[in-house]
Each structure stands twice: as structure tokens, then as C-alpha cells.
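J.: In the working numbering, the protein residues as written are 134 to 185.
Just so you know, even glycine gets a beta-carbon here, dropped at the ideal spot from N, CA and C.
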Amino acid sequence: MIITMQNEERMQKIEQQIDLIKSKVQWIHWVATFFMAIFCTDAVIRILGVLT
134 MIITMQNEER MQKIEQQIDL IKSKVQWIHW VATFFMAIFC TDAVIRILGV
184 LT
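#1: Which of the three DSSP states is assigned to T185 in this structure?
#2: How many angstroms separate the CA atom of W160 from the CA atom of I151?
#3: What does the alpha-carbon distance come out to for the pair T166 and L153?
#4: In the segment 145 to 183, which residue ranges form an unbroken alpha helix (DSSP H) of at least 4 residues, counting only runs that do not cross its ends?
Given below as C-alpha cells:
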């Protein structure tokens, strides 16, 4: 009984860490997407500037 309780606590701690990592990864993903959008827009404007 004591062993299963310790295992459950460990599993909960691991799940909390996984959730924390997921939220950090999601935040990094949004920041990366934001910068990529700015970079692509900048590139398109430069290409159009060269063409005209």
C-alpha cells in the first residue's frame, strides 16, 4: 500500500513536470511563429521592393 502511494505521488510529480514542459514548449512555439511571420513579411517586402 505504501509503495503504491509513493508511485502515485511520483507519477503526479512527473505529470506536473510534463505539463510545465508542454506549456514552455507552446510558449517557445508561439514566439518562434511570431518571429517567423515578421521575417517572412520583411522578406516579401524586400523582394517586392527589388521587383518594382
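T.: In this structure, then:
#1: As a working note, residue 185 is residue 52 in the sequence shown. DSSP places T185 outside both helix and strand once states are collapsed to three, so it counts as coil.
#2: In the sequence shown, residue 160 corresponds to position 27, counting from 1. In the sequence shown, residue 151 corresponds to position 18, counting from 1. W160 and I151: Cα-Cα distance of roughly 14 Å.
#3: Taking the sequence shown and counting its residues from 1, one reaches residue 166 at position 33. Taking the sequence shown and counting its residues from 1, one reaches residue 153 at position 20. Roughly 20 Å separates the two Cα atoms.
#4: The alpha helix (DSSP H) runs lying completely inside the segment 145 to 183 and spanning 4 residues or more number zero.
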